[in-house]
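The structure appears below as structure tokens.
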Amino acid sequence: MRSIKIVFLAVVMLFFLQSCDNKNELAIARTSIIALDGTGEEIGLFYATYENGVTSATVSLTGMPAGSIHAVHLHDGSCDNIGMHWNQGLDKSFCGEESMGKDWGKPFAGDFENIYIDNFGSGSRSVATNLWTIGTGNSTDIDGKLVVVHAMASDFVLECDPTHIPGHMHINPKIGCGVISY
Ligand SMILES: [Cu+2]
Numbered sequence: 002m003r004s005i006k007i008v009f010l011a012v013v014m015l016f017f018l019q020s021c022d023n024k025n026e027l028a029i030a031r032t033s034i035i036a037l038d039g040t041g042e043e044i045g046l047f048y049a050t051y052e053n054g055v056t057s058a059t060v061s062l063t064g065m066p067a068g069s070i071h072a073v074h075l076h077d078g079s080c081d082n083i084g085m086h087w088n089q090g091l092d093k094s095f096c097g098e099e100s101m102g103k104d105w106g107k108p109f110a111g112d113f114e115n116i117y118i119d120n121f122g123s124g125s126r127s128v129a130t131n132l133w134t135i136g137t138g139n140s141t142d143i144d145g146k147l148v149v150v151h152a153m154a155s156d157f158v159l160e161c162d163p164t165h166i167p168g169h170m171h172i173n174p175k176i177g178c179g180v181i182s183y
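When you line the sequence shown up against this note's numbering, it's residues 2 to 183, in that order.
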């Protein structure tokens, strides 16, 4: 009887330990992206999953001018008061950093990509990276960060050129924002 109890306890503990190790558990984060022109219109969606150390994020935009290109970055702050580019709280360039074994090629950890809009006013782009996490609570966690859509494209190649002055501000109006929620 005593040995059965011990075996039972061991099994319970094993389950408990497994549930504590959520590294391989799927985490999902999302937000709708709202126009910043005061209409409150939804102009897009952000959806991301985090599993086995990799975050796969998709941003889709609708109702945009045909043929336009829009930079999307993660920012700190709130949609009423958008802060700087989210950079894992680090004061360094991510141009030379690796993501998924390849060059990240963008100055900030939170630089998403440019989204190309088709003739119907829609466009989407997906990014998979091991630079972001969801629900880990550490500096790489994108939960609570902002998805910001800009009026124009970002030239990530130029921004990573060694002759480019770091920290120099690019005038690219913000047209949409959403708070990533896990
Ligand atoms: Cu931005």
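All C-beta atoms, glycine included, are put in the ideal place defined by N, C-alpha and C.
Item	Value
In terms of DSSP beta bridges, what is Asn82 paired with?	Ser79
Cβ atoms of Ala36 and Tyr183: under 7 Å apart, would you say?	no
Here's the rule: buried if 16 or more other CB atoms are within 10 angstroms of the residue's CB, otherwise exposed. What is Gly179?	buried
Leaving aside the five residues before and after Val73 along the sequence, list all residues of the same chain whose C-beta is less than 8 Å from its C-beta, in chain order.	Val60, Phe113, Glu114, Asn115, Ile116, Arg126, Val148, Val149, Val150 and His151
Are the CB atoms of Thr130 and Ser94 nearer to each other than 7 Å?	no
In angstroms, rounded to a whole number, what distance separates the CA positions of His165 and Trp105?	17 Å
Quick check on Ile181 - is its C-beta less than 7 Å from some C-beta in chain D?	This model lacks chain D altogether, as it is built from one protein chain only.
Tell me, which residues are paired with Ala30 by DSSP?	Ala49
Starting from the N-terminal end, write out each residue whose C-beta falls within a distance shorter than 5 Å of any non-hydrogen atom of ligand 1.	His74 and Val149
Roughly how far, in whole angstroms, is the beta-carbon of Thr32 from the beta-carbon of Ile181, given that I think they are within contact range, below 8 Å?	5 Å
So, helix, strand or coil for Phe113, using DSSP?	strand
Consult DSSP for Leu159 and reduce its assignment to one of helix, strand or coil.	helix
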